[in-house]
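Participant: Residue numbers -2 to 139, in my numbering, belong to the letters of the sequence shown in order.
All C-beta atoms in this analysis are idealised placements derived from N, C-alpha and C, irrespective of residue type, glycine included.
One structure, as structure tokens, below. Some questions next.
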Amino acid sequence: MKIFLDTNVLIKYIYFNDRTISDILEYSTLNWNDTVICTDEYCLIELVNVLHKKRCRVRKEWEYAVKCIDMLLDFNNVKIIVNSQKTAYEYKTRDPKDDRILSSAVDNKVDVLLTEDKDLLEYKSSPITITTPANFVSQLWK
């Protein structure tokens, strides 16, 4: 299974120590042959920009955020997708920024896109599953 993490999910993991994301990472570690967690370079750039602009005003906070990103990337089954250079996207959501994320996930044949973004969650024409981390985790342990 290939699981794509949107920027807002990464922020939730770093800033709010979200147990749901920890559960997903734990699941992927236990099922390392079958599970890959991924995000793309666009999401990482957006993550750094958000942390820098809005959240990390104090040096200690910035150092903590960088440590969290490093820890996430240290997992063997976490992969960073290099985005294609295309500028036109097949999928059109209400927010054009989401078009890039959805296209990246689809182009890289992920099974599920985890997000808290309402525009993506309400998008009905996606060829992949789009759900919240909490909904995903509730299905994992069934």
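Measure the alpha-carbon distance for D15 versus T112 and round it to whole angstroms.
Facilitator: Those two C-alpha atoms are separated by around 13 Å.
Participant: Starting from the Cα of D114, find the closest Cα among P124, K94, V45 and I77 and give me that residue.
Facilitator: When only C-alpha atoms are compared, the closest one is K94.
Participant: What is the DSSP secondary structure of D3, reduced to helix, strand or coil?
Facilitator: Looking at D3 - three-state DSSP - the assignment turns out to be coil, as it is neither helix nor strand.
Participant: Between the C-alpha atoms of N28 and D20, what's the straight-line distance to the nearest angstrom?
Facilitator: Cα-Cα distance, rounded: 12 Å.
Participant: Checking the sheet assignment: what are the DSSP bridge partners for L110?
Facilitator: Its beta-bridge partners are F1 and I127.
Participant: In whole angstroms, what separates the C-alpha of T32 from that of S122?
Facilitator: One C-alpha to the other measures close to 25 Å.
Participant: Where D116 and T90 are concerned, what is the direct C-alpha to C-alpha distance, given to the nearest angstrom?
Facilitator: Distance between the alpha carbons of D116 and T90 is about 7 Å.
Participant: So T26 is in the alpha helix (DSSP H); what residue range does that whole segment cover?
Facilitator: Element bounds for T26: R16 to L27.
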